[in-house]
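Protein chains in written order, with the numbering used here: chain P, 2 to 191; chain C, 59 to 262. Where a beta carbon is used, it is the ideal one built from N, C-alpha and C, also for glycine. Here the structure is a predicted model, which is why all the values come from computation and not from measurement. So the structure is just underneath, and the comments pick up after that.
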């Protein structure tokens, strides 16, 4: 009797585990909403994204030279984003280390409700090398249906350079290696 | 026969338990990161709901309040020693406030540069403030409770709202105890960091 209860309890808990923080969006083709970002003034950032030669002052996520773009939703004021920042830096380094051997994965940060000054402060505090963009009025956060910070949205470029959201995660990731492996897997499914 | 069946049953239970345990840390980790779900959504509030009783140039009304550090902090004890920035926030466990102080956790150098201390004040009691601020990472500044007589300090500054919470306000006080600037923010919006940094620079 006791063990039966345990087994039932076990299955109930399994149900909870499977409703974890990762929501593969493959089942439904969720298209990336259309929004523009300013071309970074910092030449290194513009080069990293491959948007240095775009005419005008703005670009779209789908203009980025990548197979997969990971969008980090963060806020300078969010303690978990602060805590996660070193891990995200590590993830960026590992993305870079893939070189030409692996898929081309890029990362950008969107500072939800942060002013340019606040985004700069976050960048300087944690020595963040990848491009960060302020989203002071939260228009991008809302367009992306952000659900808290930190949050991560993986975008894959499919035929015709259409951006498809392949991953949504609220909260931090557990290990940079596992998270990168997951992104690589999404890139391979193209 | 019976014991054998029972054994097999517990074997499965152990296997299942192991499986669950192997998956659980991931889930707990996620849960840990969702403390923000404990935050009560106040909805949009009347931007400002009080009338200031002090102005720049006035001597800042003195107060002595209990801090979550266990100390009792008297404003006038900083006179002649430190500039003081008071950050009044409306209440614990509410959306914008839960974000504002964690930001100050990583901005200490601006205060140090201006030879200033930061005092965070809400109308909540010490125990509530303690529990609330523990999820904020390194809170290096004193967090004071203006709980009893309820909101008396906020009221002395004209920052107590009609519902017993306080305004979201920054008060900049120099080493002579004189108020140099007061910024009463729309309660729904965080004061921008650049404003804080600008005013701190003026205290130098």
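#### Entry: Contacts that residue 165 of chain C makes with chain P (C-beta to C-beta distance below 8 Å)
The answer, in chain order, is 122.
### Message
For a contact defined as C-beta to C-beta under 8 Å, what are the partners of residue 257 of chain C on chain P?
### Response
By Cβ distance, chain P contributes nothing, its closest Cβ being about 13 Å from residue 257 of chain C, past 8 Å.
### Task
Using three-state DSSP, classify residue 216 of chain C as helix, strand or coil.
coil
### Message
Using the three-state DSSP reduction, which class does residue 31 of chain P fall into: helix, strand or coil?
### Response
strand
### Task
Can you give me the Cβ contacts of residue 162 of chain P inside the same chain, cut-off strictly under 6 Å, excluding the 5 residues immediately before and after it?
63
#### Entry: residue 97 of chain P to residue 117 of chain C span [Cα, whole Å]
Taking the straight line joining both Cα atoms gives about 56 Å.
### Message
Given this structure, state the Cα-to-Cα distance separating residue 197 of chain C from residue 55 of chain P, to the nearest angstrom.
### Response
44 Å
### Query
How long is the line joining the alpha carbons of residue 84 of chain C and residue 175 of chain P, rounded to whole angstroms?
Note that residue 84 of chain C scores a pLDDT of 40, beneath 50, so its modelled location is shaky and nothing firm can be said.
### Task
Could you check the C-alpha separation between residue 135 of chain P and residue 65 of chain P for me, to the nearest Å?
Residue 135 of chain P and residue 65 of chain P have their alpha carbons spaced roughly 18 Å apart.
### Query
What residues from chain C crowd round residue 30 of chain P, counting only those whose CB sits closer than 8 Å?
Neighbourhood of residue 30 of chain P in chain C, by CB distance below 8 Å: empty, with the nearest CB roughly 26 Å away.
### Message
Taking the straight line between their C-alpha atoms, what separation do you get for residue 58 of chain P and residue 215 of chain C?
### Response
46 Å
### Query
Is residue 88 of chain C helix, strand or coil by DSSP?
Per-residue confidence for residue 88 of chain C stands at a pLDDT of 39, beneath the threshold of 50, marking its modelled position as unreliable; the derived number appears in the next sentence. Looking at residue 88 of chain C - three-state DSSP - the assignment turns out to be helix.
### Message
Whole angstroms are fine: how far does the CA of residue 167 of chain C sit from the CA of residue 78 of chain P?
### Response
16 Å
### Query
On the three-state DSSP scale, how would you describe residue 89 of chain P?
Reduced to three states, the DSSP call for residue 89 of chain P is helix.
### Query
How about residue 142 of chain P: is its C-beta nearer than 8 Å to some C-beta of chain C?
no
### Task
State the start and end residues of the unbroken alpha helix (DSSP H) segment that holds residue 136 of chain C.
Neither: residue 136 of chain C is in no alpha helix (DSSP H) and is coded neither H nor E.
### Task
Please confirm whether residue 260 of chain C and residue 238 of chain C have their CB atoms less than 8 Å apart.
Between residue 260 of chain C and residue 238 of chain C, the C-beta spacing is below 8 Å.
### Message
Let me make sure I understand the geometry here. Which of C:102, C:106, C:245, C:257 has the alpha-carbon closest to that of residue 158 of chain C?
### Response
C:245
### Message
Closest to residue 148 of chain P by C-alpha separation, out of P:39, P:81, P:172, would be which residue?
### Response
P:172
### Query
Which of the three DSSP states, helix, strand or coil, is assigned to residue 44 of chain P?
Helix at residue 44 of chain P.
### Query
When DSSP labels each residue in this structure, what does residue 153 of chain C get in the three-state scheme?
helix
### Message
I'd like to check one pair, residue 251 of chain C with residue 118 of chain P: are the Cβ atoms closer than 8 Å?
### Response
yes
### Message
Between residue 160 of chain C and chain P, is the shortest Cβ-Cβ distance under 8 Å, so that the two count as touching?
### Response
yes
### Query
Is any beta-carbon of chain C found at less than 8 Å from that of residue 44 of chain P?
no
#### Entry: Inter-residue CB distance, residue 184 of chain C and residue 203 of chain C (contact presumed, cutoff 8 Å)
With 8 Å as the limit, residue 184 of chain C and residue 203 of chain C qualify as a contact, their Cβ atoms being about 5 Å apart.
### Task
Could you work out which residue in P:45, P:82, P:52 is closest to residue 123 of chain P when comparing CA atoms only?
P:82
### Task
Starting from the C-beta of residue 177 of chain P, find all residues in its chain whose C-beta is less than 8 Å away, skip the five residues before and the five after it, and write them out in chain order.
88, 91, 92, 95
### Task
Give the range of the alpha helix (DSSP H) segment to which residue 188 of chain C is assigned.
For residue 188 of chain C, the uninterrupted alpha helix (DSSP H) run begins and ends at 184–192, by DSSP.
### Message
Please list, in chain order, the chain C residues whose beta carbon lies closer than 8 Å to that of residue 126 of chain P.
### Response
164
### Task
Keeping to the same chain, check which residues put their C-beta closer than 7 Å to that of residue 138 of chain C; ignore five residues upstream and five downstream.
For residue 138 of chain C, where only same-chain residues beyond five positions count, the Cβ hits under 7 Å are 233.
#### Entry: For residue 181 of chain P, three-class secondary structure by DSSP
helix
### Message
Please state the DSSP three-state secondary structure of residue 170 of chain C.
### Response
helix
### Task
Return yes when the C-beta of residue 37 of chain P is under 7 Å from any heavy atom of the ligand NAP, and no when it is not.
For the ligand NAP, the structure offers nothing, since it holds no ligand at all.
### Query
Would a C-beta distance cut-off of 8 Å place residue 165 of chain P and residue 38 of chain P closer than the cut-off?
no
### Query
Do you know how far the Cα of residue 222 of chain C is from the Cα of residue 208 of chain C?
8 Å
### Message
Taking DSSP's pairing of strands, which residues face residue 158 of chain P in a bridge?
### Response
Answer by DSSP bridge pairing, in chain order: P:164.
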